[in-house]
């Protein structure tokens with residue numbers, strides 16, 4: 001009688017412990033998300049407070065650096081007048097198309113350079129020279145060659161995006177474990193199936209690391225192209241604010257630019273956490 005009571009006693013406790021562990025595991029992502037939100041809000045509050053105190057205590061003229069409230073009013077005016085959304089949509093579209101196109105070109109070129117040593121020895125120096133050229137100097141040439149059109153803007157974004165993706169692809173394919181490569185040869189996989197099932201999954205950490213750099217480069221290329229040759233977009237809003245001596249509009253466009261960059265980086269980071277969950 002007493003023996004039966006002793007043997008049945010620990011079981012409910014173990015079940016409660018396991019249930020508690022599962023509940024804690026479910027609540028951990030929510031707590032982590034809340035902590036990230038609060039941390040971001042704290043950083044933003046510190047920046048805004050320092051900004052406000054500086055312009056107030058130093059008596060900075062509004063045409064040099066407006067207060068946060070003036071920038072907020074300029075952004076709210078763009079929203080209420082319907083001016084913001086066409087420019088924001090134009091910029092986001094260019095960034096997305098340029099990032100996707102540049103990434104595909106970079107991954108393909110990286111695979112070709114990795115697979116063929118003669119091609120790598122011939123073209124790698126030219127790629128380095130192209131990447132070393134300052135894009136602020138290349139952008140006017142693209143406008144001269146392709147005109148004030150989307151072609152020159154996409155060309156600039158592609159030039160900025162493809163190189164980090166090419167380098168990331170080469171590094172990722174080079175780091176495929178030797179035993180995995182041997183297994184692929186033993187299974188007599190076709191080159192395409194070997195790339196799809198073995199090489200790309202193994203290279204995914206490097207590809208996503210390159211994508212984090214590439215998405216910021218895509219944003220930089222889009223804004224630079226709009227600054228030089230577009231009549232729409234956030235870059236154009238910067239030009240508009242500068243030419244009209246509307247500093248609040250200029251700063252609001254800069255703040256939106258930073259927000260777009262953080263959004264792109266955050267989306268790639270989210271994809272990294274989802275796709276690389278197996279490695280954690």
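In the working numbering, the protein residues as written are 1 to 280.
Backbone N, C-alpha and C define an ideal beta-carbon position, used for all residues, glycine too.
Proximal residues to residue 55 (C-beta, below 7 Å), its chain only, five neighbours per side dropped: 65, 67
Nearest candidate by alpha-carbon position, reference residue 202, set 171, 137, 161: 171
Beta-carbon proximity list for residue 245, same chain, < 8 Å, skipping 5 on both sides: 63
Range covered by the alpha helix (DSSP H) that runs through residue 87: 84-115
Alpha-carbon spacing of residue 25 relative to residue 42, whole angstroms: Note that residue 25 has pLDDT 49, beneath the 50 cutoff, so the model's placement of it is unreliable and the number below is only indicative. Approximately 26 Å between the Cα atoms of the pair.
Top-ranked residue by Cα proximity to residue 169, from 226, 250, 195: 195
With 16 other Cβ atoms within 10 Å as the buried cut-off, status of residue 137: exposed
Closest by C-alpha distance to residue 49, when choosing among 34, 36, 69, 37: 69
Per-residue DSSP class, three states only, for residue 62: coil
Reduced DSSP secondary structure (H/G/I, E/B, other) of residue 242: helix
Simplified DSSP assignment, three categories, for residue 195: helix
Own chain residues within Cβ distance below 6 Å of residue 130, not counting five before or after: none
Contact test: residue 141 Cβ vs the ligand ADP heavy atom, cutoff 8 Å: Absent from the structure shown: the ligand ADP. Ligands present: none.
Residue closest to residue 177, alpha-carbon to alpha-carbon, out of 270, 190, 155, 200: 200
Residue 177 (DSSP reduced to helix, strand or coil): coil
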